[in-house]
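Asker: For the sequence shown, position 56 matches number 56 in the working numbering, and the numbering has no gaps at all.
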Amino acid sequence: MSSTSLMPAEIILQPNPNAADLAEKRERLAAVRAALAERESDVAQLHSQLKVFEGRYLQRVGVLYAELDEIAARITEREVDLYDSDSARRRAQEARERAQETHEAAFGADQEPEEFDPAPSLKTLFREVARRIHPDFASDEAEQKHFTLLMTRANQAYSRGDAETLQRLLDDHLEINAARAEASGSDESDGVTLLRLARQIQHAERDIAALEGELQTLLGSEIGQLYTGAEAAQQDDRDLLAELAASLRERIADAQYRLEFVERQVSALGR
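#1: On the premise that residue 81 lies in contact with residue 279, defined as a C-beta separation below 8 Å, what is that separation, rounded to the nearest angstrom?
#2: Hey, how far is the Cα of residue 31 from the Cα of residue 148?
#3: Run the CB neighbour count on residue 257, radius 10 Å, all protein chains shown included, and call it buried at 16 or more, exposed below.
#4: Quick one: what's got a C-beta closer than 8 Å to residue 92's C-beta in the same chain, skipping five residues either side?
#5: Tell me the rounded alpha-carbon separation between residue 268 and residue 96.
#6: Give me the Cα-Cα distance between residue 208 and residue 35, rounded to the nearest whole angstrom.
#7: Quick check: the Cα distance between residue 39 and residue 250, rounded to an integer number of angstroms?
#8: Just verifying my parser: in three-state terms, what is the DSSP assignment at residue 118?
#9: Just how far apart, CA to CA, sit residue 61 and residue 245?
#10: What residue does the alpha helix (DSSP H) around residue 28 start on, and which one ends it?
#11: Can we say the stretch 224-241 touches the stretch 46-55, given the rule of at least three CB pairs closer than 8 Å?
#12: Can you give me the start and stop residues for the alpha helix (DSSP H) that residue 61 sits inside?
#13: Grab the span of the alpha helix (DSSP H) containing residue 159 for me, first residue to last.
#14: Please name the residue in 120, 124, 68 and 90 whose C-alpha comes closest to that of residue 101.
#15: Start and end of the alpha helix (DSSP H) containing residue 191?
#16: Throw me the rounded Cβ distance for the residue 106 and residue 58 pair, which I believe falls under 8 Å.
#17: Using the three-state DSSP reduction, which class does residue 236 fall into: helix, strand or coil?
#18: When DSSP labels each residue in this structure, what does residue 111 get in the three-state scheme?
#19: Express the C-alpha separation of residue 190 and residue 20 in angstroms, rounding to a whole number.
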């Protein structure tokens with residue numbers, strides 16, 4: 001198999017690209033760079049928003065689920081005294097395990113995550129960083145590994161609102177690139193340049209699709225759907241978490257009444 005058979009068809013059809021071909025590819029690459037940076041920003045922001053929302057949900061609703069499950073566990077444990085059967089003991093064990101899980105989920109976090117509402121300037125800075133140091137735009141494997149580490153640092157800085165670190169990452173990258181350009185000119189042929197640009201475009205478009213999929217997965221998750229529902233309810237001046245909490249308080253009252261009833265039954269039997 002010849003080496004040319006591994007090249008994209010569009011480049012094989014243009015063995016001698018002219019300036020217009022290269023300009024078109026560079027323009028397209030700039031567009032996908034911007035789109036990729038935008039999606040990176042969207043995913044990072046949604047992760048932070050869901051984390052904050054989950055903290056609110058656990059504090060306002062999760063604690064009530066934990067209370068409800070605790071009462072349910074106590075009911076099934078007292079029913080063992082009533083029925084003294086293997087099935088009753090099994091139900092009690094399952095209910096206690098469920099109560100433990102919901103308790104840990106509701107009270108496991110020490111504090112509510114801080115609200116993440118990045119300023120427009122921070123979003124713009126992050127997109128510029130991602131546009132320049134995303135691993136898809138590396139020239140070789142070594143640079144790709146380096147860019148991967150830089151993007152990890154950039155995502156962490158963005159999530160904590162650290163504009164100083166983002167600016168330093170960008171300045172360092174620009175300075176290194178300027179030094180490289182000054183030290184040596186490129187001896188890359190137009191054909192090789194076109195192939196490299198096409199490869200970078202292909203990689204970026206692949207990752208844009210992957211990030212779109214990640215966004216849909218996040219929004220389709222249980223907490224993502226609750227977040228979307230809460231946002232929609234807010235548009236109608238409703239508080240979805242307050243509504244869920246009110247419903248749970250009614251269920252807790254019913255469960256407490258049932259527990260008291262079972263306690264009376266057990267007491268009547270002298271157990």
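Beta carbons: idealized from backbone N, C-alpha and C, even for Gly.
Answerer: In brief:
#1: Only positions 1 to 271 of the chain appear in this structure, which leaves residue 279 out of reach.
#2: As a first step, residue 31 must be located in the sequence shown, where it is residue number 31. As a first step, residue 148 must be located in the sequence shown, where it is residue number 148. Each residue's alpha carbon lies about 21 Å from the other.
#3: Locating residue 257 in the sequence shown gives position 257, counting from the first residue. Residue 257 is exposed by the Cβ-count criterion.
#4: Locating residue 92 in the sequence shown gives position 92, counting from the first residue. Closer than 8 Å at Cβ, skipping near neighbours: 73, 76, 77, 79 and 80.
#5: By 1-based counting over the sequence shown, the position of residue 268 is 268. By 1-based counting over the sequence shown, the position of residue 96 is 96. Between residue 268 and residue 96, the C-alpha separation is close to 25 Å.
#6: Counting from one through the sequence shown, the residue named residue 208 turns up at place 208. Counting from one through the sequence shown, the residue named residue 35 turns up at place 35. Taking the CA atoms as reference points, residue 208 sits about 7 Å from residue 35.
#7: Position 39 of the sequence shown holds residue 39. Position 250 of the sequence shown holds residue 250. Their backbone Cα atoms lie some 42 Å apart in a straight line.
#8: The residue you call residue 118 lines up with position 118 of the sequence shown. Correct three-state label for residue 118: coil.
#9: For this step, residue 61 is matched to residue 61 along the sequence shown. For this step, residue 245 is matched to residue 245 along the sequence shown. Computed Cα separation, rounded: 5 Å.
#10: Within the sequence shown, residue 28 is the residue found at index 28, counting from 1. Per DSSP, residue 28 belongs to the alpha helix (DSSP H) from 19-57.
#11: Cβ pair count under 8 Å is three or more, so yes.
#12: The sequence position of residue 61 within the sequence shown is 61, counting from 1. No alpha helix (DSSP H) holds residue 61; DSSP gives it neither H nor E.
#13: Looking up residue 159 in the sequence shown gives position 159. Counting along the chain, the alpha helix (DSSP H) containing residue 159 begins and ends at 141-159.
#14: On the sequence shown, residue 101 is found 101 positions in, with the first residue counted as 1. With distances taken between Cα atoms, residue 101 lies closest to 68.
#15: Taking the sequence shown and counting its residues from 1, the one referred to as residue 191 is at position 191. Per DSSP, the unbroken alpha helix (DSSP H) holding residue 191 starts and ends at 190-220.
#16: As a first step, residue 106 must be located in the sequence shown, where it is residue number 106. As a first step, residue 58 must be located in the sequence shown, where it is residue number 58. The distance from the Cβ of residue 106 to that of residue 58 is about 5 Å, consistent with a contact at the 8 Å cut-off.
#17: Counting from one through the sequence shown, the residue named residue 236 turns up at place 236. The three-state reading of DSSP puts residue 236 in coil, since its state is none of H, G, I, E or B.
#18: Within the sequence shown, numbered from 1, the residue matching residue 111 stands at position 111. For residue 111, the predicted model reports a pLDDT of 49, less than 50, meaning its position is unreliable and no value from the coordinates is stated.
#19: What you label residue 20 is simply residue 20 of the sequence shown in a count that begins at 1. What you label residue 190 is simply residue 190 of the sequence shown in a count that begins at 1. Going by the C-alpha atoms only, they are around 11 Å apart.
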